[in-house]
Amino acid sequence: ATTEAISSTGARPVFVDIKPDTMLMDPEAVESAITPRTRAIIPVHLYGQPCEIDRIMEIASGHGLKVIEDAAQAHGARWRGNRVGSLADAACFSFYPGKNLGAYGDGGAVVSQDEDLIHRIRMLANHGRTDKYIHDIEGVNSRLDGLQAAVLRVKLTRLDNWNAARDRHARRYCEILSSSGVALPVVQAQAETVWHLFVIRVRERDRVQGDLKKPVTDAGLHDPVPLPGQPDYRRLGILEGALRVAEEAASCALALPMYGELTSHQIEAVEDAVSAATPV
Ligand SMILES: *Cc1c(COP(=O)(O)O)cnc(C)c1O
135 ATTEAISSTG
145 ARPVFVDIKP
155 DTMLMDPEAV
165 ESAITPRTRA
175 IIPVHLYGQP
185 CEIDRIMEIA
195 SGHGLKVIED
205 AAQAHGARWR
215 GNRVGSLADA
225 ACFSFYPGKN
235 LGAYGDGGAV
245 VSQDEDLIHR
255 IRMLANHGRT
265 DKYIHDIEGV
275 NSRLDGLQAA
285 VLRVKLTRLD
295 NWNAARDRHA
305 RRYCEILSSS
315 GVALPVVQAQ
325 AETVWHLFVI
335 RVRERDRVQG
345 DLKKPVTDAG
355 LHDPVPLPGQ
365 PDYRRLGILE
375 GALRVAEEAA
385 SCALALPMYG
395 ELTSHQIEAV
405 EDAVSAATPV
């Protein structure tokens, strides 16, 4: 979804590598990828944790670039106390049912403090319409369904509580797995993550995933094929090894069960399966 948004404007996505500890966009890699043709940067607050946004904003302003946060996995997360969605020029949220704030079908939102931009986005999402019969520009049909909005309005009031429950489960996972040798998620000091996913890194990933396939638990592979490795992006000519850290992470990342309603019984079952794993 992140790069589709780029391509749909006629621009070409350029990938940069991630940091080995947090698995988030590496700001220094961003800086070295900038060319005179660069227009904008889209940091993804992956797995619920904000990117190093102040460094990214500093780089962007030095080069006259816009920054759009992909906050689709980070509803409610904070960087230095400020919520994601308020940290850059604009931000996008997804309300796909599996997100921390999910509708009962598809939905999404764009937020910005730039009123002209929001006016234009509202227009674009409604076929470019400015007045009852008048379409100033050609837009798309991307209105939020009223039924989904009604569900989201109610669920939004519970989001912080659900995120707090995820945080309790994450702390428990960290406690019980701290001596297991698997690589646990790293949270930056400035960040409050909302644990969209709790991703560990483990060498025998497939075996551990198999052990977790029990009635009470399950574990998921979320991005086993990094985006630049997708068949359609062969046309971009990205060389294998160019995004070494991301490729390495994709080969050993495993998402443990994570949602507010997780029980301690389930967490213990995860401990049994994971503690037998070999360290990365
Ligand atoms: C879910 C998601 C999106 C958006 O998905 P939609 O299907 O368009 O709602 C964008 N970026 C990331 C990182 C996501 O996880």
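Residues in the sequence shown are numbered consecutively from 135, following our numbering.
Heads up, the beta-carbon is just placed ideally off N, CA and C, and yes, glycines get one too.
Note that the structure is predicted; figures quoted are calculated from it, not measured.
Across the structure, proline 365 and valine 359 are spaced so that their CA atoms are roughly 10 Å apart. Straight through space, the alpha carbons of threonine 156 and glutamate 203 are spaced by roughly 17 Å. For valine 408, the shortest C-beta to heavy atom distance toward ligand 1 is 6 Å or greater. Taking 3 residues as the minimum length, the stretch 167 to 203 contains no beta strand (DSSP E) run wholly inside it. Contact between arginine 214 and glutamine 322 does not hold, since their C-beta atoms are separated by about 10 Å, which reaches or exceeds 8 Å. When secondary structure is reduced to three states using DSSP, asparagine 297 falls in the helix class.
Cβ-Cβ distances below 6 Å link alanine 304 to Trp329 and Phe332 in the same chain, with the five nearest sequence neighbours on each side left out; the list follows chain order.
Between glycine 241 and alanine 211, the beta carbon gap of about 19 Å keeps them out of contact (Cβ cut-off 8 Å). Take the alpha-carbon of arginine 277 and the one of alanine 403: they are about 42 Å apart. Contact annotation: proline 161 and isoleucine 190 have beta-carbon atoms nearer than 7 Å. At the C-beta level, alanine 205 and alanine 237 stay beyond 7 Å of one another.
In this structure, the alpha-carbon of valine 164 lies about 33 Å from that of glycine 262.
Tyrosine 307 sits buried, since 16 or more C-beta atoms from the chains shown fall within 10 Å of its C-beta.
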